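Colleague: Take a look at this one; I'll ask things after.
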Amino acid sequence: PDQMPVLVCALTFPGMSCFVRLREPHYMVMVRRCVEAGTRKFGLIAPLGGNPPENADHIVYSGGTVLKIRDVHRLRDGSVIVTGVGTNRYRIRSFTAKDGYGVARTAVIQDKPDTAEDAIRLQQWMPLVYQRGRDWFMS
Numbered sequence: 448p449d450q451m452p453v454l455v456c457a458l459t460f461p462g463m464s465c466f467v468r469l470r471e472p473h474y475m476v477m478v479r480r481c482v483e484a485g486t487r488k489f490g491l492i493a494p495l496g497g498n499p500p501e502n503a504d505h506i507v508y509s510g511g512t513v514l515k516i517r518d519v520h521r522l523r524d525g526s527v528i529v530t531g532v533g534t535n536r537y538r539i540r541s542f543t544a545k546d547g548y549g550v551a552r553t554a555v556i557q558d559k560p561d562t563a564e565d566a567i568r569l570q571q572w573m574p575l576v577y578q579r580g581r582d583w584f585m586s
């Protein structure tokens, strides 16, 4: 999409399942609009510094991932859990706020498929990455 709502809170990747719990009314409105419009999509983007911003016009990273909404569950406390899956990455061309949530003009990033050489290289790196991660968790 050229322009889409953006939730500044988390990072996901294409093909990755994700859930987000929303408590703020303006984000619930954003999700409702996505569902009613039929797109069932919004952008997810991580905030700079790792903490969600106080307002939607906060400076954000230059790109994120589109989340395709699978399901929306309203909880007893009034909050909402949105489940979805990342579909594709995008770059932000401009960012503004609408009704308390972010809206971005975007450009889709076309990922190139992995080559056979890429797969071999990744297989060679996997044991090293696993071992370093394991060492880090055990320390």
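In this text, residue positions in the sequence shown follow my numbering: the first is 448, and each later residue adds one.
Yeah, the Cβ is synthetic: ideal placement off N, Cα and C, and Gly gets one too.
The structure displayed is predicted, hence computed values, not measured ones.
Of all the alpha helix (DSSP H) runs that stay within the bounds of the stretch 453-492, which reach a length of 4 or more residues?
Modeller: The stretch 453-492 contains these whole alpha helix (DSSP H) runs: 472-484.
Colleague: Rounded to the nearest angstrom, what separates tyrosine 474 and isoleucine 567 at their Cα positions?
Modeller: One C-alpha to the other measures close to 42 Å.
Colleague: Would the beta-carbon of proline 452 fall within 7 Å of that of tyrosine 537?
Modeller: Result no, Cβ atoms of proline 452 and tyrosine 537 do not sit closer than 7 Å.
Colleague: Exposed or buried, which one is isoleucine 492 when buried takes at least 16 other CB atoms within 10 Å?
Modeller: Isoleucine 492 should be labelled buried.
Colleague: Please classify methionine 477 as buried or exposed, where buried requires at least 16 other C-beta atoms within 10 Å of its C-beta.
Modeller: So methionine 477 counts as buried.
Colleague: Can you give the Cα-Cα distance for alanine 551 and leucine 514, rounded to whole angstroms?
Modeller: When rounded, the distance between both Cα atoms is 14 Å.
Colleague: Is DSSP giving isoleucine 539 helix, strand or coil here?
Modeller: It is a strand residue.
Colleague: Apart from the five residues just before and just after isoleucine 528, which ones in its own chain have a Cβ nearer than 7 Å to its Cβ?
Modeller: Correct list, in chain order: Phe466, Arg468, His520, Leu522.
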